[in-house]
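Data first, discussion second: the structure below is written as structure tokens.
Chains as they are written, first to last, in full-length UniProt numbering: chain P, 1 to 86; chain X, 1 to 76.
And the structure:
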């Protein structure tokens, strides 16, 4: 099976970093609903994450299932690498 | 200077084969001292936050041992 290109890992690393900060901000905003800067940062990061996801999916296939991601032709979400094979 | 590393003196029994290394230290978590988190705290960049395990600098605590602490006091 061919090795995934370097950009595959870079994109995943970026997604992982942004997801981490988004999770932290979500937990923070649960207890600080009126913190405007944090909400602004959250929305900026969410927007950036959407862009990253789109960039990833056009090249490497769907990230999530059940309509959360578009699909390539043919239906290839089960192709490797799986998360533990990454 | 404030530090999250606290010390205590263990009881030294006359039957101790060798004296304990005093003072014994233990590390307490930074969030104990913060209470309700104030807004606009300094943050790490996403990559560094992922590596350090926290977005806000104030909560970073690598939980070093007392001797390990001297070696890697890059604690920001």
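Even for Gly, the Cβ is constructed at its ideal location relative to N, Cα and C.
Exercise for review: Could you have a look at residue 51 (chain X) and say whether DSSP puts it in helix, strand or coil?
Suggested key: DSSP, reduced to helix, strand and coil, places residue 51 (chain X) within a helical segment of the structure shown.
Review point. Excluding five sequence neighbours on each side, which residues of the same chain lie with their C-beta closer than 7 Å to the C-beta of residue 8 (chain X)?
Key: Excluding sequence neighbours, residue 8 (chain X) sits near 23, 24.
Check your understanding: First and last residue of the beta strand (DSSP E) that includes residue 8 (chain X)?
Key -> Where residue 8 (chain X) is concerned, the enclosing beta strand (DSSP E) stretches over 5-8.
Point to revise | Interfacial residues, the segment 4-32 of chain X to chain P, with Cβ spacing under 7 Å | key: So nothing in the stretch comes that close.
Review point. With 7 Å set as the bound, which would you pick, yes or no: does the beta-carbon of residue 76 (chain P) sit closer than that to a beta-carbon of chain X?
Key: Not an interface residue.
Practice item. Taking only beta-carbon positions, decide if residue 18 (chain P) is within less than 7 Å of chain X. Key: Flagged as an interface residue toward chain X: residue 18 (chain P), by a C-beta distance shorter than 7 Å.
Exercise for review: State yes or no: is the C-beta of residue 57 (chain X) within less than 7 Å of the C-beta of residue 38 (chain X)?
Suggested key: For residue 57 (chain X) and residue 38 (chain X), no; Cβs fall outside 7 Å.
Exercise for review: Could you tell me whether the Cβ atoms of residue 62 (chain P) and residue 84 (chain P) are closer together than 7 Å?
Suggested key: No, the pair does not count as a contact, with Cβ atoms beyond the cut-off.
**Study point:** Backbone secondary structure at residue 27 (chain X) - three-state DSSP
**Key:** Note: residue 27 (chain X) maps to strand in three-state DSSP.
Point to revise | Local Cβ density within 10 Å of residue 23 (chain P), reported as buried at 16 or more and exposed below that | key: When all chains shown are included, residue 23 (chain P) counts as exposed.
Review point. Going along chain P, which residues have a C-beta under 7 Å from residue 47 (chain X)?
Key: Contact annotation for residue 47 (chain X) against chain P: 17 [CB-CB distance below 7 Å, chain order].
Review point. Can you list the residues of chain P that residue 107 (chain X) reaches, using a CB-CB cut of under 8 Å?
Key: There is no way to answer for residue 107 (chain X), as the model of chain X reaches only from 1 to 76.
Review point. Residue 62 (chain X) to residue 25 (chain P), Cα distance in whole Å?
Key: So the two alpha carbons sit approximately 21 Å from each other.
Exercise for review: Decide if residue 21 (chain P) is buried, meaning its Cβ has at least 16 other Cβ atoms within 10 Å, or exposed.
Suggested key: Only buried fits residue 21 (chain P), as 16 or more other CB atoms lie within 10 angstroms of its CB.
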